[in-house]
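Novice: Below is a structure I'd like to ask you about.
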Amino acid sequence: MSPFISSLFFVSENLLISIEKDSIQSFSHTYKTNTLITAHYPPAPPVFYNLNVISPEEAIWKADLEAFEKYGHHTHSKFEERNFRLLLPENVKNDKIKINEVFDENSLRELVETIYSVGKEVEGRNSVSGIKYNVTITNNRSLYIDVLGNEILQEIPYWYILVTVESKAEDLPERKLGFDYSIGAAGGLGSFRKLERMFIDGISETAENVVKFAGAKSSIRGFSLKSGTYNVVLDAKVAGVSFHEFGAGHLAEAQGLLEEGESLPFSGKLGERISSSKITLIDDSRFQIDGIKPISYYVYDAEGVEKRKVEVIKDGKFNSYLHSKLTAGTLSEEEGGGFLTGNARVEPKNEEKIPIVPRMSTLYLKPGEYKLEELLEMAKGGLFIRSGAPSGGVITSLAVGLMPLDEIYFISPSLELIPIRVPKAQVYLRETPESFLQKVEEVGDSTTMKTSSGFCEAESGFVPQAIYSPAIYVKGANILLINAPKPLKPPLLEF
18 MSPFISSLFF VSENLLISIE KDSIQSFSHT YKTNTLITAH YPPAPPVFYN LNVISPEEAI
78 WKADLEAFEK YGHHTHSKFE ERNFRLLLPE NVKNDKIKIN EVFDENSLRE LVETIYSVGK
138 EVEGRNSVSG IKYNVTITNN RSLYIDVLGN EILQEIPYWY ILVTVESKAE DLPERKLGFD
198 YSIGAAGGLG SFRKLERMFI DGISETAENV VKFAGAKSSI RGFSLKSGTY NVVLDAKVAG
258 VSFHEFGAGH LAEAQGLLEE GESLPFSGKL GERISSSKIT LIDDSRFQID GIKPISYYVY
318 DAEGVEKRKV EVIKDGKFNS YLHSKLTAGT LSEEEGGGFL TGNARVEPKN EEKIPIVPRM
378 STLYLKPGEY KLEELLEMAK GGLFIRSGAP SGGVITSLAV GLMPLDEIYF ISPSLELIPI
438 RVPKAQVYLR ETPESFLQKV EEVGDSTTMK TSSGFCEAES GFVPQAIYSP AIYVKGANIL
498 LINAPKPLKP PLLEF
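Okay, so the sequence shown: first residue is 18 according to our numbering, each after it adds one.
Structure representation (structure tokens):
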């Protein structure tokens, strides 16, 4: 049988700028080129090779050999119980997607000058000890071609800024406390200008909060923060990342259903209720937020499949997995396969094999009907949790997720938000998808919504991701305190 062969040519230009104390501390400008080849000999699983490491002929020969070894003679691996196939689009596509707005020398200078100006303004109004900026500007160009005649070129630039604001805190090992704030979007200076007010306000709020928390206590009269269950309100950014990590996001990426020994908690639950009917969770890379394309914007995925809007959870019911060609073609309709979603994503690494697997794009939680004050009223006596750049992680095989928490407030009977900080411990939100989704009782309205931008790491590399979410009320959330001077993972850099 003739194999299905496709290639993804990938060129990435990256600028990394570190700014501190009103000066550029470091600057790097790099180009990265990769060519990935997919070779599929049904019914064996496809293989993905990096042509920077091996030749095309060797890649195809290895794919043929691997298929023969697994399916050419009788062995007893679990993989052989399943016939792997790729679901291919019905129509051949020849298309070009290009965002013309990119940073050049002049616009880059404007960006840096704006950062200098914002830093001086914020430091002048707050007692912060320092502000650091890590700026990433990426121009990605990709060309997908295959033996069927598909040819798709995409040129999508994006920018991302991670800001760390520090304040003196004598009770900490490093004598300082740092909070982060992140922002990003597709495009260049034009999209930054549209978000400039948000950027300034976000840094100002982060500065005010880090100073406030530097002097915060671990307990107040009648309340001390310990491991346990609490009624909490999650600010929009934290709420969004919680849905990304253990609120069906990662668990909807269908690759896990093909892994040997893997069992996902939503397997066999298509159409079943898994949360309140107030929850509708959407994955849509083409979704624009107030007319701005987010950092995770794309039209075609890494396999040349046009992205479609996917309602992962619809009115509280598990509605759809996120697919690559492999998961869509191999899984039966009863298992949740049989259709393409355009979620195959990859950020090439310098390794021989680089899998292209389904990943989230822009995740969007539909707003509800409650103002933030109304959510706080529901959680009175509990906690309000926020962050300028939240992160987290999930072990999909165990369906257990952790989110490090930095800004924790006690909600007083009068709805005063009192900062709580435990100097010698790290605080986490620890949940499983099934328990977390059942605990989300109310969803904030559109006035509570925020965008969170960052990067997510998996076997197909770091990919940019955006989340647009309202605040939520969670009844009986699991809060875990661990006595450790530093978090279990570097916080606030990735989802």
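Glycine included, C-beta positions come from ideal geometry on N, C-alpha and C. Just so you know, these numbers come straight off a predicted model, no measurement behind them.
Using the Cβ count rule (16 or more neighbours within 10 Å means buried), how would you classify I425?
Specialist: Translated into the one-based positions of the sequence shown, residue 425 becomes position 408. I425 should be labelled buried.
Novice: When the Cα atoms are used, what is the spatial distance from T344 to Q272?
Specialist: As a first step, residue 344 is located in the sequence shown; it is residue number 327 there, counting from the start. As a first step, residue 272 is located in the sequence shown; it is residue number 255 there, counting from the start. T344 and Q272: Cα-Cα distance of roughly 6 Å.
Novice: Should I428 and L393 be called a contact, given that it needs their Cβ atoms to be closer than 9 Å?
Specialist: By 1-based counting over the sequence shown, the position of residue 428 is 411. By 1-based counting over the sequence shown, the position of residue 393 is 376. In this structure, L393 lies closer than 9 Å to I428 by Cβ.
Novice: For my contact list, V145 and A224 are in at a C-beta cut-off of 8 Å; report their separation, rounded to the angstrom.
Specialist: Stepping through the sequence shown from its first residue, residue 145 is reached at position 128. Stepping through the sequence shown from its first residue, residue 224 is reached at position 207. Between A224 and V145 the Cβ distance is about 5 Å, and since that is below 8 Å, they are a contact.
Novice: Just to confirm the assignment: which complete beta strand (DSSP E) runs, minimum length 3, are found wholly within the stretch 377–458?
Specialist: Listed in chain order, they are 379–382, 400–403, 410–412, 417–422, 424–428, 434–437 and 443–448.
Novice: Look up R126 in the DSSP assignment and say whether it is helix, strand or coil.
Specialist: Here residue 126 refers to the residue found at position 109 of the sequence shown. In this structure, R126 counts as helix in the three-state DSSP scheme.
Novice: Considering only residues of the stretch 249–308, which uninterrupted beta strand (DSSP E) runs meet the minimum length of 3 residues and lie entirely inside it, listed in chain order?
Specialist: Complete beta strand (DSSP E) runs here, min 3: 298–300.
Novice: Give me the Cα-Cα distance between Y247 and P430, rounded to the nearest whole angstrom.
Specialist: Position 230 of the sequence shown, counted from the first residue, corresponds to residue 247. Position 413 of the sequence shown, counted from the first residue, corresponds to residue 430. Whole-angstrom Cα-Cα distance: 15 Å.
Novice: What does the Cβ neighbour count give for T92, buried or exposed, with the cut at 16 atoms within 10 Å?
Specialist: Taking the first residue of the sequence shown as 1, we reach residue 92 at position 75. Residue confidence for T92 is low, a pLDDT of 42 falling below 50, so the modelled location carries little weight and cannot support an answer.
Novice: Just mark L432 as buried or exposed, buried being the case when its beta carbon has 16 or more other beta carbons within 10 Å.
Specialist: As a working note, residue 432 is residue 415 in the sequence shown. Label assigned to L432: exposed.
Novice: With I217 as the anchor, note down where its alpha helix (DSSP H) starts and where it stops.
Specialist: By one-based count along the sequence shown, residue 217 stands at place 200. E213 to A231 is the span of the alpha helix (DSSP H), which, as asked, contains I217.
Novice: Please report how far the alpha carbon of T50 lies from the alpha carbon of E168, in whole angstroms.
Specialist: As a first step, residue 50 must be located in the sequence shown, where it is residue number 33. As a first step, residue 168 must be located in the sequence shown, where it is residue number 151. Roughly 18 Å between the two C-alpha positions.
Novice: Any heavy atom of the ligand ZN within a distance shorter than 8 Å of the CB on A253?
Specialist: The model depicted lacks the ligand ZN and carries no ligand whatsoever.
Novice: With three or more C-beta pairs closer than 8 Å as the rule, is the stretch 494–501 touching the stretch 212–220?
Specialist: The answer is no - the stretch 494–501 does not touch the stretch 212–220, with fewer than three Cβ pairs under 8 Å.
Novice: Secondary structure at T181, three-state DSSP: helix, strand or coil?
Specialist: Residue 181 sits at position 164 when you count from the first residue of the sequence shown. T181: strand per DSSP, three-state reduction.
Novice: Can you tell me the Cα-Cα spacing of E448 and A265, whole angstroms?
Specialist: Residue 448 sits at position 431 when you count from the first residue of the sequence shown. Residue 265 sits at position 248 when you count from the first residue of the sequence shown. About 12 Å.
Novice: Tell me whether T50 sits in a helix, a strand or coil according to DSSP, three-state version.
Specialist: Translated into the one-based positions of the sequence shown, residue 50 becomes position 33. Three-state DSSP puts T50 in a strand.
Novice: Quick check on Q42: buried or exposed, where buried means 16 or more other Cβ atoms within 10 Å of its Cβ?
Specialist: Within the sequence shown, the letter at position 25 stands for residue 42. Q42 comes out exposed.
Novice: Does the separation of the CB atoms of A56 and P106 fall below 9 Å?
Specialist: Here residue 56 is taken as the residue at index 39 of the sequence shown, counted from 1. Here residue 106 is taken as the residue at index 89 of the sequence shown, counted from 1. Against a cut-off of 9 Å, the Cβ pair of P106 and A56 comes out as no contact.
Novice: With a CB to CB cut of under 7 Å and the five nearest residues on each side skipped, what residues in its chain are close to V228?
Specialist: For the purposes of this step, residue 228 is identified with residue 211 of the sequence shown, where counting begins at 1. Cβ neighbours of V228 beyond the five flanking positions: N143, S144, V145 and S184.
Novice: Anyone know if the C-beta pair for D301 and E386 falls short of 9 Å?
Specialist: Residue mapping note: residue 301 aligns to position 284 of the sequence shown, counting from 1. Residue mapping note: residue 386 aligns to position 369 of the sequence shown, counting from 1. The answer is no: Cβ separation not under 9 Å.
Novice: Kindly indicate the opening and closing residues of the beta strand (DSSP E) around T153.
Specialist: Counted from its first residue, the sequence shown places residue 153 at position 136. Counting along the chain, the beta strand (DSSP E) containing T153 begins and ends at G147 to D163.
Novice: Of the residues L32, V182, S40 and A361, which one's Cα is nearest the Cα of E17?
Specialist: Only positions 18 to 512 of the chain appear in this structure, which leaves residue 17 out of reach.
Novice: Assign E168 to one of three DSSP states: helix, strand, or coil.
Specialist: The sequence position of residue 168 within the sequence shown is 151, counting from 1. Note: E168 maps to strand in three-state DSSP.
Novice: When the Cα atoms are used, what is the spatial distance from S408 to T131?
Specialist: Translated into positions along the sequence shown, residue 408 becomes position 391. Translated into positions along the sequence shown, residue 131 becomes position 114. Cα to Cα, S408 sits roughly 27 Å from T131.
Novice: Excluding the 5 residues preceding and the 5 following L275 in the sequence, name in chain order all residues of the same chain whose CB lies nearer than 6 Å to its CB.
Specialist: Looking up residue 275 in the sequence shown gives position 258. Same-chain partners within the cutoff: there are none.
Novice: Roughly how far, in whole angstroms, is the beta-carbon of Y161 from the beta-carbon of L339, given that I think they are within contact range, below 8 Å?
Specialist: Numbered from 1 along the sequence shown, position 144 holds the residue referred to as residue 161. Numbered from 1 along the sequence shown, position 322 holds the residue referred to as residue 339. Actually they do not touch by this definition, with Cβ atoms about 19 Å apart.
Novice: Taking L68 as the reference, which of A61, F260, A319 and I54 has the closest Cα?
Specialist: As a first step, residue 68 is located in the sequence shown; it is residue number 51 there, counting from the start. Among A61, F260, A319 and I54, the Cα nearest to that of L68 belongs to I54.
Novice: Can you check which of these residues, L419, L194, F85 and K115, is closest to K441 by C-alpha distance?
Specialist: For this step, residue 441 is matched to residue 424 along the sequence shown. Taking only the C-alpha atoms, the option nearest K441 is L194.
Novice: Taking the alpha carbon of F513 as the reference point, which residue from Y177, R403, V152 and K456 has its own alpha carbon closest?
Specialist: Past the boundaries of the shown model lies residue 513; the chain is included only from 18 to 512, so the question cannot be answered.
Novice: Alpha carbon to alpha carbon, what distance is there between I237 and D39?
Specialist: Walking along the sequence shown from the start, residue 39 turns up at place 22. Walking along the sequence shown from the start, residue 237 turns up at place 220. Cα to Cα, D39 sits roughly 38 Å from I237.
Novice: For V460, collect the residues of the same chain with a Cβ closer than 6 Å to its Cβ; drop the 5 residues on either side in sequence, then sort them by chain order.
Specialist: Residue mapping note: residue 460 aligns to position 443 of the sequence shown, counting from 1. So the qualifying residues of the chain are K295, G385, P487 and I489.
Novice: Based on DSSP bridge pairs, tell me the residues matched to D462.
Specialist: Numbered from its first residue, the sequence shown carries residue 462 at position 445. The partner list for D462 (beta bridge, DSSP) is empty, contrary to what the question assumes.
Novice: Using the Cβ count rule (16 or more neighbours within 10 Å means buried), how would you classify K324?
Specialist: On the sequence shown, residue 324 is found 307 positions in, with the first residue counted as 1. Its Cβ being crowded by 16 or more others within 10 Å, K324 is buried.
Novice: Pick out whichever of A186, Y198 and S208 has its Cα sitting closest to the Cα of A233.
Specialist: Taking the first residue of the sequence shown as 1, we reach residue 233 at position 216. Cα-wise, what sits closest to A233 is A186.
Novice: I need the straight-line Cα distance from G219 to M466, nearest angstrom please.
Specialist: Here residue 219 refers to the residue found at position 202 of the sequence shown. Here residue 466 refers to the residue found at position 449 of the sequence shown. Their Cα atoms are separated by approximately 14 Å.
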